[in-house]
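Residue numbers (this note's numbering), protein chains in the order written: chain L, 2 to 497; chain D, 2 to 497.
One structure is given here, and the rest of the page talks about it.
There are 2 protein chains.
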Amino acid sequence: MLEKLDLTKEMTKEEYQARMNILEAELGRLQRQCRNLGIPVMIAFEGYPAAGKGVQIGALIHALDPRGFEVHPVKRETEEERMHPFMWRFWTKMPAKGRIALYDTSWYNRVLSERFEKSVGKKDVAHAFDSILSFEQQITDDGVVLIKLFLAIDKKEQKKRFKKLLKNKETAWRVSASDKRCSKNFDELEKVYEEMLQKTDTDYAPWHIIESTDRRFATVKIYTIVINALAECIEKASAGKKEDQKKKQLIDDRALKESILSKVDLNLSYSKKEYKEKLKKLQSKIQLLHGELYRKRIPVVLGFEGWDAGGKGGAIKRLTEKMDPRGYTVIPTASPNDWEKAHHYLWRFWQAMPKAGHFSIFDRTWYGRVMVERIEGFCTTGEWQRAYKEINDMERDLYDAGAIVLKFWMQIDKDEQERRFTARQENPEKQWKITDEDWRNREKWEQYEEAVNEMLIRTSTPHAPWVVVEGNDKYYARIKVLETVVKAIEERLGQE
Amino acid sequence: MLEKLDLTKEMTKEEYQARMNILEAELGRLQRQCRNLGIPVMIAFEGYPAAGKGVQIGALIHALDPRGFEVHPVKRETEEERMHPFMWRFWTKMPAKGRIALYDTSWYNRVLSERFEKSVGKKDVAHAFDSILSFEQQITDDGVVLIKLFLAIDKKEQKKRFKKLLKNKETAWRVSASDKRCSKNFDELEKVYEEMLQKTDTDYAPWHIIESTDRRFATVKIYTIVINALAECIEKASAGKKEDQKKKQLIDDRALKESILSKVDLNLSYSKKEYKEKLKKLQSKIQLLHGELYRKRIPVVLGFEGWDAGGKGGAIKRLTEKMDPRGYTVIPTASPNDWEKAHHYLWRFWQAMPKAGHFSIFDRTWYGRVMVERIEGFCTTGEWQRAYKEINDMERDLYDAGAIVLKFWMQIDKDEQERRFTARQENPEKQWKITDEDWRNREKWEQYEEAVNEMLIRTSTPHAPWVVVEGNDKYYARIKVLETVVKAIEERLGQE
Chain L
2 MLEKLDLTKE
12 MTKEEYQARM
22 NILEAELGRL
32 QRQCRNLGIP
42 VMIAFEGYPA
52 AGKGVQIGAL
62 IHALDPRGFE
72 VHPVKRETEE
82 ERMHPFMWRF
92 WTKMPAKGRI
102 ALYDTSWYNR
112 VLSERFEKSV
122 GKKDVAHAFD
132 SILSFEQQIT
142 DDGVVLIKLF
152 LAIDKKEQKK
162 RFKKLLKNKE
172 TAWRVSASDK
182 RCSKNFDELE
192 KVYEEMLQKT
202 DTDYAPWHII
212 ESTDRRFATV
222 KIYTIVINAL
232 AECIEKASAG
242 KKEDQKKKQL
252 IDDRALKESI
262 LSKVDLNLSY
272 SKKEYKEKLK
282 KLQSKIQLLH
292 GELYRKRIPV
302 VLGFEGWDAG
312 GKGGAIKRLT
322 EKMDPRGYTV
332 IPTASPNDWE
342 KAHHYLWRFW
352 QAMPKAGHFS
362 IFDRTWYGRV
372 MVERIEGFCT
382 TGEWQRAYKE
392 INDMERDLYD
402 AGAIVLKFWM
412 QIDKDEQERR
422 FTARQENPEK
432 QWKITDEDWR
442 NREKWEQYEE
452 AVNEMLIRTS
462 TPHAPWVVVE
472 GNDKYYARIK
482 VLETVVKAIE
492 ERLGQE
Chain D
2 MLEKLDLTKE
12 MTKEEYQARM
22 NILEAELGRL
32 QRQCRNLGIP
42 VMIAFEGYPA
52 AGKGVQIGAL
62 IHALDPRGFE
72 VHPVKRETEE
82 ERMHPFMWRF
92 WTKMPAKGRI
102 ALYDTSWYNR
112 VLSERFEKSV
122 GKKDVAHAFD
132 SILSFEQQIT
142 DDGVVLIKLF
152 LAIDKKEQKK
162 RFKKLLKNKE
172 TAWRVSASDK
182 RCSKNFDELE
192 KVYEEMLQKT
202 DTDYAPWHII
212 ESTDRRFATV
222 KIYTIVINAL
232 AECIEKASAG
242 KKEDQKKKQL
252 IDDRALKESI
262 LSKVDLNLSY
272 SKKEYKEKLK
282 KLQSKIQLLH
292 GELYRKRIPV
302 VLGFEGWDAG
312 GKGGAIKRLT
322 EKMDPRGYTV
332 IPTASPNDWE
342 KAHHYLWRFW
352 QAMPKAGHFS
362 IFDRTWYGRV
372 MVERIEGFCT
382 TGEWQRAYKE
392 INDMERDLYD
402 AGAIVLKFWM
412 QIDKDEQERR
422 FTARQENPEK
432 QWKITDEDWR
442 NREKWEQYEE
452 AVNEMLIRTS
462 TPHAPWVVVE
472 GNDKYYARIK
482 VLETVVKAIE
492 ERLGQE
């Protein structure tokens, strides 16, 4: 969940002030409503050392009535706490109904800093994850609004911040020995964070990642998330639980969300000559690797998603052209038929998963759940919201069973799509490829963009990463797909 | 969940036939309704080798329309299956909407027989539990009715059955080498079963334990469970989901449920002389052990529950009489006050958990959730149903942190209670102990009995067992409590 972040996001002072005027008043109002309705709220702050947790907590409580909240700094366990089960101190620090508790780091310490510092054993880490999931399920079942924030900065920014603190005598003490170790082993720490985010990103207590390089941006994003979470819960509490009303957000948060697609450089291209040379080399390489995979019994799962006319078909064709057809299957995914609809939405994909040594290449995938089904209302809000974890679980199962799992998003811009649609319509041989539905989907471009961005963040994992393919130039896109697959296979074979 | 079972239950042929006439017709009818409503049903059969899974599946399908179900015998993985993730074969064998799938052993193989046979590693077992929980949550979220049956017999019965099979040439082949190993290591196998039952007894997919010594009893119990589960789901599907209507059972299953309390021998007693001698010895022993626990930093959690006037107070008094008062706290649990009500129901108990080396002794406990709150409707059906797992999770957290956890149920019969109530009322010094509420609770004796029996089964675990104390004779009861505590401490200290 961390790898696709854009940590360069900023906000001008003017925009910040304009937004905060509204947000602070709103948060104060919602706090009062929560108090009246007896809703308990827990806000956990986690994130990289020096990401600004303290500063952000300070900014958030600025708008709160001090009689209605408490901040719990979670440091090393006290003697007293060490003499109890590790969740004891959090159970005893739960807010009463109508109150807000903020945690400056939280029960995740056990699986983050303590784990990283190796002060807990492997078995205890596994137990801790069980206890955490059980705790969060229990309290949210009981009506607690639980908001989990993860503040992210990158290696460079962290270094810069530590340096600045260390330079000044009055602040140097704030950089602990543990902070220094974290900074030194940034990549290792990131793995610990990533695993934690994966394991605990549930539908009842999802993680919110806050890009924290710019303090103002982070503050506005945190306010917006907290406000929307409270407003949603207040609406539910006062209207009686209606399972599936579409979430109306009090504050529009689209501008604050990750926009991976907008950052893609669509000018990347190859000349025809470059393309042909590269293609030839890569295709013979993959032919060889395919045999190797077969001998080592390693299954490969490739998923292709992308805009209509994004070039999925062409890429798959070039990928498989020289492969032994007995060793791969291409699975085109249409809308589910009646028999498929009579099963769980993942069922038909499980059917098609490759056996060891084989490729399954999906032309459209299980991600339909969080794109078309979400947008067209083919499933309930709850259903697509919990699908992120369901899908992550499935891909982890595949990975645990030894599979290489890659997912490609074929990205083109709206103009390029129009050019391709028109070209298809004018070409009698390709007319079948374009339908009225394609034009209709096109009208929902912005909605899809939002859904795709969320999907890329929540389901890109080290064991099953998303690869965004710059697709305006077909040559470039096809080569990138081939190169990525080759690289992933070589890496895996290198580990064997 | 296995230790409190009564495996001697039987049913006469006459009763069996009378019941089955009704049950078979009912099941056939419900199968048709499920088909019409498009409800998919999965029934998993697990249990001890030779417990009769095959026979019971045969009995169950007898009432089913063969066009609407399939039986999946789950044996060793095929070559094909081994080449896929381990849940693959179950994902692909899911029933379509309106169909019933029966599994002769199931996805639990990985954490049962395969684990027992050590053909999977420890890490894979942990992964497998994750995958199983995720799978069951996903399919039940999607509307599958999942019924999990665990067929239990004891060591002796199993031996008898194997012997009978082995005696006859035509049946001897049915006893596999693996069965023989299981039989030889019955106790070890039981531990594996117990851990599995604990970890996967969830509110969305609870386990049903079937006492299978008597085939007829088991068949009737299985039919009853399946029928009640289908009827409940059909009602929900056709009435629209009403969160909290009290479950009406189609078939009354009380006679088939565990009745631990009815088996308690209330004639056990000690003479005054015996009592005094034993008491003196045990009290000085516990005094010594208490110091030892303190030095070794072992916390102790004791919970006392029981009928009103069951003798909780007296037992606690004798237990603590000679203990150093700085090392224990007795926590009397009344109905929650407003501040406690403003928190999760477990919160106030977490507050009172002992630190290392100390005793917390609870006079009434968190089990109020599944007794008085259940019966008086102070919480919703969903809330008390998921409380079993919540409580098991909490007690496991305590155990993982090194605590000794014991729970006592002080059992007396209804007549004895009346004698004690009357005696209290007539004794001016004890009048305060008896209230109108006590008399009112007494009227709900049968309801409490049912709730207590279910509680004892679902929450008695090896790391936090229930001890049922025969309480009609106060002397006997007090000595038993002291003896049990002493024994548990000695065992733990022996392990250190």
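Think of the CB as a built atom: it goes at the ideal place given N, C-alpha and C, for glycine as much as any other residue.
Quantities reported herein were computed from a predicted structural model and do not represent experimental measurements.
task: Have a look at the DSSP bridge pairing and note the partners of Leu-152 (chain D).
output: Along the second sequence, read from residue 1 onward, the residue named residue 152 (chain D) stands at position 151. Leu-152 (chain D) pairs with D:Gly-48, D:Ile-211.
- prompt: So, does the CB of Arg-387 (chain L) fall closer than 8 Å to a CB anywhere in chain D?
  reply: Stepping through the first sequence from its first residue, residue 387 (chain L) is reached at position 386. So, interface residue.
Chain-ordered chain D contacts of Trp-1 (chain L) [CB-CB under 7 Å]: No statement about residue 1 (chain L) is possible, as the shown extent of chain L runs from 2 to 497 and does not include it.
- prompt: Ile-140 (chain L) by DSSP, collapsed to three states: which one?
  reply: Taking the first sequence and counting its residues from 1, the one referred to as residue 140 (chain L) is at position 139. Ile-140 (chain L): helix per DSSP, three-state reduction.
query: With 16 other CB atoms within 10 Å as the buried threshold, where does Gly-378 (chain L) fall?
result: For the purposes of this step, residue 378 (chain L) is identified with residue 377 of the first sequence, where counting begins at 1. Exposed, because fewer than 16 other Cβ atoms sit within 10 Å of the Cβ of Gly-378 (chain L).
- prompt: Secondary structure at Thr-462 (chain L), three-state DSSP: helix, strand or coil?
  reply: The count along the first sequence starts at 1 and reaches residue 462 (chain L) at position 461. Three-state DSSP puts Thr-462 (chain L) in a strand.
Spatial distance of Phe-422 (chain D) from Ala-310 (chain D) (CA atoms): Within the second sequence, numbered from 1, the residue matching residue 422 (chain D) stands at position 421. Within the second sequence, numbered from 1, the residue matching residue 310 (chain D) stands at position 309. If I take the Cα positions, the gap works out to 7 Å.
- prompt: Looking only at its own chain, which residues have a Cβ that is under 8 Å from the Cβ of Thr-366 (chain L), when we skip the five neighbours before and after it?
  reply: Against the first sequence, residue 366 (chain L) aligns to sequence position 365. Around Thr-366 (chain L): Gly-304, Phe-305, Glu-306, Thr-334, Phe-350, Lys-408.
message: Please identify, using Cβ separations under 8 Å, the residues of the stretch 134 to 161 of chain D that lie next to chain L, in order along the chain.
response: Ser-135, Gln-139, Ile-140, Asp-142, Asp-143, Val-145
Trp-467 (chain D) - containing beta strand (DSSP E), residue span: For this step, residue 467 (chain D) is matched to residue 466 along the second sequence. Its beta strand (DSSP E) spans residues 467 to 471.
Partners in chain D for Ser-132 (chain L), counting only beta-carbon separations shorter than 9 Å: Against the first sequence, residue 132 (chain L) aligns to sequence position 131. Within chain D, the residues near Ser-132 (chain L) are Asp-394, Arg-397, Asp-398, Asp-401.
task: Kindly indicate which three-state DSSP category Leu-494 (chain D) falls into: helix, strand or coil?
output: Working through the second sequence from its first residue, we reach residue 494 (chain D) at position 493. Leu-494 (chain D): helix per DSSP, three-state reduction.
message: Residues of the stretch 117 to 130 of chain D in Cβ contact with chain L at a cutoff of 7 Å, in chain order, please.
response: Ala-127, His-128
query: Alpha carbon to alpha carbon, how far is Asn-110 (chain D) from Ser-120 (chain D)?
result: Within the second sequence, the letter at position 109 stands for residue 110 (chain D). Within the second sequence, the letter at position 119 stands for residue 120 (chain D). Roughly 11 Å between the two C-alpha positions.
query: Does Glu-259 (chain D) get closer than 8 Å to chain L when you measure Cβ to Cβ?
result: If you number the second sequence from 1, residue 259 (chain D) lands on position 258. Chain L contact via Cβ: absent.
- request: Show which residues of chain D have a CB atom less than 9 Å away from the CB atom of Phe-87 (chain L).
  value: Position 86 of the first sequence, counted from the start, is the residue given in the question as residue 87 (chain L). The contacting residues are Asp-398, Asp-401, Ala-402.
message: Once the 5 residues before and after Ala-219 (chain L) are set aside, which same chain residues still bring their CB inside 7 Å of it?
response: Position 218 of the first sequence holds residue 219 (chain L). Cβ neighbours of Ala-219 (chain L) beyond the five flanking positions: Gly-53, Gln-57, Leu-152, Ile-211, Glu-212, Ser-213.
- request: Counting only runs of 3+ residues fully inside the stretch 304 to 384 of chain D, write out the beta strand (DSSP E) ranges in chain order.
  value: 329 to 333, 360 to 364
- prompt: Are any of the Cβ atoms in chain D nearer than 8 Å to that of Lys-181 (chain L)?
  reply: Here residue 181 (chain L) refers to the residue found at position 180 of the first sequence. By this cut-off, Lys-181 (chain L) is not an interface position.
query: Do you know how far the Cα of Arg-90 (chain L) is from the Cα of Arg-387 (chain D)?
result: Mapped onto the second sequence, residue 387 (chain D) falls at position 386. Mapped onto the first sequence, residue 90 (chain L) falls at position 89. Distance between the alpha carbons of Arg-387 (chain D) and Arg-90 (chain L): 23 Å.
- prompt: Which stretch, first to last residue, makes up the beta strand (DSSP E) that contains Asp-105 (chain L)?
  reply: Along the first sequence, one-based indexing puts residue 105 (chain L) at 104. Note, Asp-105 (chain L): beta strand (DSSP E), 101 to 105.
From D:Arg-443, D:Tyr-49, D:Arg-397, D:Lys-286, residue whose alpha carbon lies closest to that of Leu-483 (chain D): Along the second sequence, read from residue 1 onward, the residue named residue 483 (chain D) stands at position 482. Of the candidates D:Arg-443, D:Tyr-49, D:Arg-397, D:Lys-286, the one whose C-alpha sits nearest the C-alpha of Leu-483 (chain D) is D:Lys-286.
- prompt: Just how far apart, CA to CA, sit Glu-115 (chain D) and Val-42 (chain D)?
  reply: Along the second sequence, one-based indexing puts residue 115 (chain D) at 114. Along the second sequence, one-based indexing puts residue 42 (chain D) at 41. Whole-angstrom Cα-Cα distance: 26 Å.
message: Let's test the definition: count the other Cβ atoms within 10 Å of the Cβ of Trp-340 (chain L) and tell me whether it reaches 16, buried, or not, exposed.
response: To locate residue 340 (chain L), count along the first sequence from 1; it is residue 339. Trp-340 (chain L) should be labelled exposed.
task: Anything in chain L within Cβ reach of Gln-352 (chain D), meaning under 7 Å, just list it in chain order.
output: Here residue 352 (chain D) refers to the residue found at position 351 when the second sequence is read from its first residue. Chain L residues near Gln-352 (chain D): Thr-93.
message: For a cutoff of 8 Å on Cβ pairs, would you count Trp-208 (chain D) as touching chain L?
response: As a working mapping, residue 208 (chain D) is identified with position 207 in the second sequence. Chain L contact via Cβ: absent.
query: With which residues is Trp-284 (chain D) paired in a DSSP beta bridge?
result: Position 283 of the second sequence, counted from the first residue, corresponds to residue 284 (chain D). The question names Trp, but residue 284 (chain D) is Gln in the sequence shown. Paired residue(s): none; Gln-284 (chain D) is not in a bridge.
query: Under the rule that 16 or more other beta-carbon atoms within 10 Å means buried, what is Pro-50 (chain L), buried or exposed?
result: Position 49 of the first sequence, counted from the start, is the residue given in the question as residue 50 (chain L). Buried, because 16 or more other Cβ atoms sit within 10 Å of the Cβ of Pro-50 (chain L).
- request: Closer than 6 Å by C-beta to Ala-45 (chain L): which residues in its own chain qualify, once you throw out the five before and the five after it? Chain order, please.
  value: For this step, residue 45 (chain L) is matched to residue 44 along the first sequence. The answer, listed in chain order, is Tyr-104, Ser-107, Lys-149.
message: Can you list, in chain order, the residues of its chain with a C-beta nearer than 8 Å to that of Gln-432 (chain L)? Leave out the 5 residues immediately preceding and following it.
response: Working through the first sequence from its first residue, we reach residue 432 (chain L) at position 431. Excluding residues within five positions, the ones whose Cβ falls inside 8 Å are Arg-425, Gln-426.
Cross-chain neighbours of His-464 (chain L) in chain D, by beta carbon under 8 Å: Stepping through the first sequence from its first residue, residue 464 (chain L) is reached at position 463. Within chain D, no residue comes near His-464 (chain L); the closest Cβ sits about 12 Å away, beyond 8 Å.
message: For a cutoff of 8 Å on Cβ pairs, would you count Leu-294 (chain D) as touching chain L?
response: In the second sequence, residue 294 (chain D) corresponds to position 293, counting from 1. False, the Cβ-Cβ gap to chain L never drops below 8 Å.
field: Test: Leu-347 (chain D) CB closer than 8 Å to a CB of chain L
entry: Taking the first residue of the second sequence as 1, we reach residue 347 (chain D) at position 346. Closer than 8 Å to some Cβ of chain L, the Cβ of Leu-347 (chain D) qualifies, so yes.
message: Could you give the first and the last residue of the continuous alpha helix (DSSP H) run that contains Glu-25 (chain L)?
response: Locating residue 25 (chain L) in the first sequence gives position 24, counting from the first residue. Start and end: 14 to 38.
message: Once DSSP output is grouped into helix, strand and coil, what is the label at Met-2 (chain D)?
response: By 1-based counting over the second sequence, the position of residue 2 (chain D) is 1. Reduced to three states, the DSSP call for Met-2 (chain D) is coil.
query: Is Met-516 (chain L) helix, strand or coil when you go by DSSP?
result: Residue 516 (chain L) lies beyond the residue range present for chain L, which begins at 2 and ends at 497; the question has no answer from this structure.
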